[in-house]
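Each remark here refers to the structure printed beneath this line.
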Amino acid sequence: MHNYSRVYVACRFPPEVLELFVQRFGASYNDTGRVLTSAELVANAQGMDAIIITATDRIDKNVVAQLPSSVKAICTYSVGTDHIDLEALREQGIAVLSTPDVLNESCADAALLLMLGAARRVIEGAALIREGTWTGWSPQQLIGHDVWGKRLGILGMGRIGRAIATRARGFNMQIHYHNRSRLAADIETGARYHDSLEALATHSDFLCIACPASQSTRGIVNANIISRLPAHAIVCNISRGDIVQDEDLIQALQSGAIAAAGLDVFAGEPDIHPAYRTMPNVFGLPHIGSSTLDTRIAMGEILCTGLEALSAGAKPINQVC
Ligand code: NAP
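The opening residue of the sequence shown carries number 6 in the working numbering; numbering runs sequentially from there.
Written as structure tokens, this is what we have:
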């Protein structure tokens, strides 16, 4: 049985989260105030049993090949694992832990924020207040779209997708979804399954993207899918930016083929497509889906508990491989 007691925290945590790793493992940590280079990550991993990373730390084949043999676990402070070469780590016998479930509710809150913010033209409204350019109430000003009672299409009805559906039912929305496999009826709770993204798009006043980024999802929200959305449609993305073909979405937003977008995530973060910065019908947020203190602490807790389980010879509930 391996003891996972030498821990290096490579990412930059809020103090409350860092404290968990320092108290429970005497962890050493990245105090540079920036994301480490791969070379720095590998250097700091020397002699460690486990390293704690996040979505901005890329663990590709090259990095895996350079990891010291002491490293037996990679803990990612994220539920997405698209920044990690899982296969290469599996081959090396290195365990991977992530943070499932504990961020569902904060991410689902953020998804509703995206829907409401885009539908109710929050960017334009907030600018009138902040810039002092509001000339007074009028029945014509900033006419938006109802969220209440509309059809919500969820691409990726997993843990976060289902938490979004729960909230949307409170808005009397009709829930539609697409996964590769249909959910059991008790989990579906009345949501309507579509066996293709094309079919989902034709039934979506709001299309909310909540599936992982993977080989099978990169770029799938493209011109073909967007052209099937109704003209008043709003596209929201709470999962990963590279699921969307930026040029196609931007073209549809600029031409009025769809109404608006609410985006928490972008391809190439933080160097996002510049058009997203200026379009009035884009409600953009800087990847804050899980960014609440309660969730941040819960994400730290689940990684610490997972490492302790590994040390006890048990399989952690958050072990990916
Ligand atoms: P999850 O429970 O694994 O759910 C993912 C869902 O996507 C599943 O229902 C899955 O169903 C579906 N899916 C996977 N591949 C698909 C494909 N090719 N086509 C259609 N559906 C597909 O994941 P989760 O915990 O809800 O997290 C989802 C993603 O959210 C994460 O991977 C992460 O990238 C992102 N995220 C973002 C933030 C943020 O801050 N914005 C925070 C946390 C997570 P099938 O397997 O049946 O297809």
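Glycine is no exception: its CB is placed at the ideal position from the N, C-alpha and C atoms.
query                                                                                                                                                                                             : result
For Leu-108 versus Ser-295, is the C-beta spacing smaller than 8 Å?                                                                                                                               : yes
Whether or not the region 157-166 and the region 275-283 are in contact is what I'm after, with contact meaning three or more pairs of Cβ atoms, one per stretch, closer than 8 Å; do they touch? : no
In the DSSP assignment, what are the bridge partners of Val-287?                                                                                                                                  : Ala-266
Quick check: His-237 and Leu-205, are their CB atoms within less than 8 Å of each other?                                                                                                          : no
Comparing the CB of Gly-154 with every heavy atom of the ligand NAP, is any distance shorter than 7 Å?                                                                                            : no
Report yes or no: do the region 279-288 and the region 106-123 share at least 3 C-beta pairs separated by less than 8 Å?                                                                          : yes
Do you know whose CA, among Asn-35, Arg-39, Ala-60 and Thr-59, lies nearest Ala-48's CA?                                                                                                          : Asn-35
In the DSSP assignment, what are the bridge partners of Glu-158?                                                                                                                                  : Residue 158 is actually Gly in this sequence, not Glu. The partner list for Gly-158 (beta bridge, DSSP) reads His-181 and Leu-212.
Roughly how many angstroms separate the alpha carbons of Trp-139 and Ala-257, rounded to a whole number?                                                                                          : 28 Å
Given that a residue counts as buried once 16 or more other Cβ atoms are within 10 Å of its Cβ, and exposed if not, what is Asp-269?                                                              : buried
Pull up the distance between the alpha-carbon of Cys-216 and that of Leu-234, whole angstroms please.                                                                                             : 18 Å
Using a 10 Å radius around the Cβ and a threshold of 16 neighbouring Cβ atoms, would you call Pro-144 buried or exposed?                                                                          : exposed
Are Cys-326 and Val-69 closer than 8 Å when you measure CB to CB?                                                                                                                                 : no
Can you give me the C-alpha to C-alpha distance between Gly-267 and Asn-227, rounded to a whole angstrom?                                                                                         : 16 Å
Hey, would you say the C-beta of Val-84 is under 7 Å away from at least one heavy atom of the ligand NAP?                                                                                         : yes
With H, G and I counted as helix, E and B as strand and the rest as coil, what does DSSP make of Cys-112?                                                                                         : helix
Hey, would you say Ala-116 sits closer than 8 Å to Ile-169, going by beta carbons?                                                                                                                : yes
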